[in-house]
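S.K.:
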Amino acid sequence: MINILVGIFLLSGFIAAIFLLLAIFNFIKLDKIKAIKMLKFTGISIVIFILCFIAVGELGLNNAETPKKEKQEEKPVAKIETSDDVTWQDKVKEIAGLNNTPTEKFDTIVAYAKKYPSTKAEIKEFENYIIAEYKNKKYLADIKDETYLLSNIFKAYVINRYYGDEETPINDFVYGFYQNSNNVLRGIESSNSNTIKYNERQMDKALAAIESP
1 MINILVGIFL LSGFIAAIFL LLAIFNFIKL DKIKAIKMLK FTGISIVIFI LCFIAVGELG
61 LNNAETPKKE KQEEKPVAKI ETSDDVTWQD KVKEIAGLNN TPTEKFDTIV AYAKKYPSTK
121 AEIKEFENYI IAEYKNKKYL ADIKDETYLL SNIFKAYVIN RYYGDEETPI NDFVYGFYQN
181 SNNVLRGIES SNSNTIKYNE RQMDKALAAI ESP
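At position 102 of the sequence shown the residue is numbered 102 (the working numbering), and the sequence of numbers has no breaks.
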């Protein structure tokens with residue numbers, strides 16, 4: 001539409017200029033009748049010229065203010081991996097294999113554990129596992145096995161998140177397990193440091209409370 005109006009606009013301007021020249025020419029020849037007719041045609045052309053100018057301006061303004069709606073085509077959505085697609089074991093292996101520092105790997109596994117949708121049965125399974133690993137003294141036996149340490153950190157964090165601030169023997173025990181595992185992973189403590197030993201003494205007290213009849 002705007003292209004048509006622009007064409008009329010230019011054509012009317014051209015015609016108005018011609019009629020104006022003819023009117024001047026007839027005035028010079030002293031032919032006032034023809035000159036007046038030419039002026040009338042000039043006036044009509046000028047009116048058309050002005051109307052087209054206004055219309056083109058309005059259409060141009062509307063087009064500038066209102067972006068054209070692009071046709072939305074349905075595109076195939078790429079499959080996004082969710083918790084149903086990737087197990088926590090896979091995630092632990094993935095993080096352990098990253099070319100990152102132990103601290104960065106620790107931060108990543110904790111971020112994942114914060115959102116992990118655990119079940120009550122899973123919490124119980126994790127608890128039994130952590131207690132068994134502690135009792136057989138395996139949990140800090142190989143401090144270079146990042147996959148193992150990250151797995152333990154993940155399980156401990158999920159358990160503590162499940163119980164929250166609840167002060168119970170199992171929550172206290174798991175928290176000590178979590179602290180020792182992450183401190184050793186990140187190189188903050190050695191496996192036989194005083195801090196590790198102190199935490200283990202507190203864990204022993206909590207474990208005794210857990211196993212007491």
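Note that the Cβ used here is the ideal one computed from N, Cα and C, for glycine as well.
If you're wondering where the values come from, they're calculated on a predicted model, not measured in any experiment.
Name the residue from Asn128, Asn182 and Ile15 whose alpha carbon lies nearest to the alpha carbon of Thr101.
M.R.: Among Asn128, Asn182 and Ile15, the Cα nearest to that of Thr101 is on Asn182.
S.K.: Is it buried or exposed for Ala96, if we count other Cβ within 10 angstroms and need 16 for buried?
M.R.: Buried, because 16 or more other Cβ atoms sit within 10 Å of the Cβ of Ala96.
S.K.: Report back the beta-carbon spacing between Phe126 and Lys155 to the nearest angstrom; my notes put them in contact at under 8 Å.
M.R.: Yes, Phe126 and Lys155 are in contact; Cβ-Cβ is about 4 Å, under 8 Å.
S.K.: Going by C-alpha distance, which of Pro213, Leu98, Ser191 and Thr195 is nearest Tyr224?
M.R.: As displayed, the chain neither begins before 1 nor continues past 213, which places residue 224 out of reach and without an answer.
S.K.: Find the nearest neighbour of Ala111 within the set Lys144, Ile153 and Ala121, judged by alpha-carbon distance.
M.R.: For Ala111, the nearest C-alpha among the options comes from Ile153.
S.K.: Is the stretch 162 to 169 in contact with the stretch 195 to 213, if contact means three or more CB pairs nearer than 8 Å?
M.R.: Yes, they touch.
S.K.: Take Thr147 and list the residues in its own chain whose beta-carbon comes closer than 7 Å to its own, dropping the five residues that flank it on each side.
M.R.: Excluding positions up to five away in sequence, the list reads Val92, Lys93 and Ala96.
S.K.: Excluding the five sequence neighbours on either side, which residues of its own chain have a C-beta within less than 7 Å of the C-beta of Asp90, listed in chain order?
M.R.: Excluding positions up to five away in sequence, the list is empty.
S.K.: How many angstroms separate the CA atom of Gln179 from the CA atom of Ile131?
M.R.: Gln179 and Ile131: Cα-Cα distance of roughly 15 Å.
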